[in-house]
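Visitor: This is the structure I want to talk about, given as structure tokens.
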């Protein structure tokens, strides 16, 4: 991605992650809660002052309301066109999905970045608000996968839908086999439930594909869930930002977008 100067904005359901790319390399990344958009915009402005001409700002989003607000705020402050991945710039990944399927832009960007990184078949896990486990074949085609509730959502559901289970933040459980307290029983159920689901899905994908692909994980809970899990080959915290940069690089190579003045 040599020569690419970019601020990438990846809007999630509850948090937004931003990254500054200078000469094609991710220099810095930060995350903000979606109720702290003014702080996020101020950080973007500071980054922009450091950037050269032909820089751009790209937004990708699974939260349309937040994305529209950010696009307007950043565009007004910088007096530039802010591009939207998916509308203005395509995601460079093939797709083999049912015709009516609408796939979250985050899943496609993660898949594009993962394939761009290793250029072979891979399974991509995003462990955030929801957990997605998706498959990309050796030709760079996204086949979809599975979606299920993330760790925090599961912990919240256990508390909210029962009368006796406490409200706990998600964390790794202790190393004992048995949960000897209510809190440890909840943590073990969610922690090992997610890891078990991922392992079984990976087995199914490998059986269908006829080979065992590399597995790349991202998302806020990826380190807690998979750092000690031999199933996952690489944890890449900023995979969605790298996916935005991959989309920008492909678009610029094809002449589909022009950079804004810095």
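Numbering (my numbering), first residue to last: 213 to 474. Built from N, CA and C at the ideal position, the CB exists for glycine as well.
Any chance the stretch 372 to 385 sits against the stretch 342 to 357, with 3 or more Cβ pairs inside 8 Å?
Guide: Output reads no: the stretch 342 to 357 does not touch the stretch 372 to 385.
Visitor: Have a look at residue 455 and residue 376 and give me their C-alpha separation to the nearest angstrom.
Guide: Between residue 455 and residue 376, the C-alpha separation is close to 42 Å.
Visitor: Evaluate residue 344 with the Cβ neighbour count: other Cβ atoms within 10 Å of its Cβ, from every protein chain shown; 16 or more gives buried, anything less gives exposed.
Guide: Answer is buried; the Cβ neighbour count reaches 16.
Visitor: By the three-class DSSP mapping on this structure, what secondary structure does residue 279 have?
Guide: Reduced to three states, the DSSP call for residue 279 is helix.
Visitor: Please return the same chain residues whose Cβ sits closer than 7 Å to the Cβ of residue 472, not counting the five positions on each side in sequence.
Guide: Since pLDDT at residue 472 reaches only 39, below the 50 mark, its modelled position is unreliable, and the value read off the structure follows with that caveat. The answer, listed in chain order, is 267, 268, 292, 293.
Visitor: Skipping 5 residues on each side, what residues in its chain have a beta carbon closer than 6 Å to that of residue 444?
Guide: Once the five neighbours on either side are set aside, the close Cβ partners of residue 444 are 427, 429, 438.
Visitor: Residue 250: buried (16+ other C-beta within 10 angstroms of its C-beta) or exposed?
Guide: With fewer than 16 other Cβ atoms within 10 Å, it is exposed.
Visitor: Could you give the C-beta distance for residue 341 and residue 224, rounded to a whole number, given that I count them as a contact under 8 Å?
Guide: About 7 Å; that satisfies the 8 Å criterion.
Visitor: According to the Cβ coordinates, are residue 302 and residue 458 closer than 8 Å?
Guide: No.
Visitor: Could you tell me which residues DSSP puts in a beta bridge with residue 241?
Guide: Note: residue 241 sits in a beta bridge opposite 231.
Visitor: Quick one, which of 434, 248, 326, 349 has its alpha-carbon nearest residue 422's?
Guide: Of the listed residues, the one whose Cα sits closest to residue 422 is 349.
Visitor: In chain order, what residues of the same chain have a beta carbon less than 8 Å from the beta carbon of residue 317, not counting five sequence neighbours either side?
Guide: Result list for residue 317: 272, 273, 274, 297, 298, 303, in chain order.
Visitor: Could you tell me the boundaries of the alpha helix (DSSP H) in which residue 403 lies?
Guide: First-last of the alpha helix (DSSP H) with residue 403: 394 to 421.
Visitor: For the stretch 258 to 340, which segments carrying the alpha helix (DSSP H) assignment without a break, of at least 4 residues, lie completely within its bounds, in sequence order?
Guide: You should have 276 to 290, 317 to 330.
Visitor: Return the Cβ separation of residue 270 and residue 460 in integer angstroms, given the expectation that the two are a contact with Cβ distance under 8 Å.
Guide: So it is a contact: roughly 6 Å between Cβ atoms.
Visitor: Do you know whose CA, among 417, 465, 410, lies nearest residue 442's CA?
Guide: Of the listed residues, the one whose Cα sits closest to residue 442 is 410.
Visitor: Straight-line CA distance for residue 328 to residue 451?
Guide: When rounded, the distance between both Cα atoms is 11 Å.
Visitor: Determine, using beta carbons only, whether residue 235 and residue 246 come nearer to each other than 8 Å.
Guide: No. Outside cutoff.
Visitor: Rounding to the nearest angstrom, what Cα-Cα distance links residue 314 and residue 290 in this structure?
Guide: Taking the straight line from one Cα to the other gives about 32 Å.
Visitor: Could you give the uninterrupted runs of the alpha helix (DSSP H) lying entirely in the stretch 339 to 398, keeping only those of 4 residues or more?
Guide: The stretch 339 to 398 contains these whole alpha helix (DSSP H) runs: 363 to 372.
Visitor: Starting from residue 223 and walking both ways along the beta strand (DSSP E), at which residues does that stretch end?
Guide: Counting along the chain, the beta strand (DSSP E) containing residue 223 begins and ends at 218 to 223.
Visitor: Rounding to the nearest angstrom, what Cα-Cα distance links residue 338 and residue 265 in this structure?
Guide: Their backbone Cα atoms lie some 34 Å apart in a straight line.
Visitor: Consult DSSP for residue 457 and reduce its assignment to one of helix, strand or coil.
Guide: It is helical.
Visitor: Between 256, 255, 363, 374, which has its C-alpha nearest residue 434's C-alpha?
Guide: The shortest Cα separation from residue 434 among 256, 255, 363, 374 belongs to 363.
Visitor: So residue 229 and residue 241 are supposed to be a Cβ contact under 8 Å. How far apart are they, rounded?
Guide: About 6 Å separates the two Cβ atoms, so the contact holds.
Visitor: Taking the straight line between their C-alpha atoms, what separation do you get for residue 408 and residue 257?
Guide: Answer to the nearest angstrom: the Cα atoms are 43 Å apart.
Visitor: Under the DSSP definition of a beta bridge, which residues are partnered with residue 430?
Guide: Paired residue(s): 338.
Visitor: Pick out whichever of 373, 287, 366 has its Cα sitting closest to the Cα of residue 404.
Guide: Here the closest residue by C-alpha is 366.
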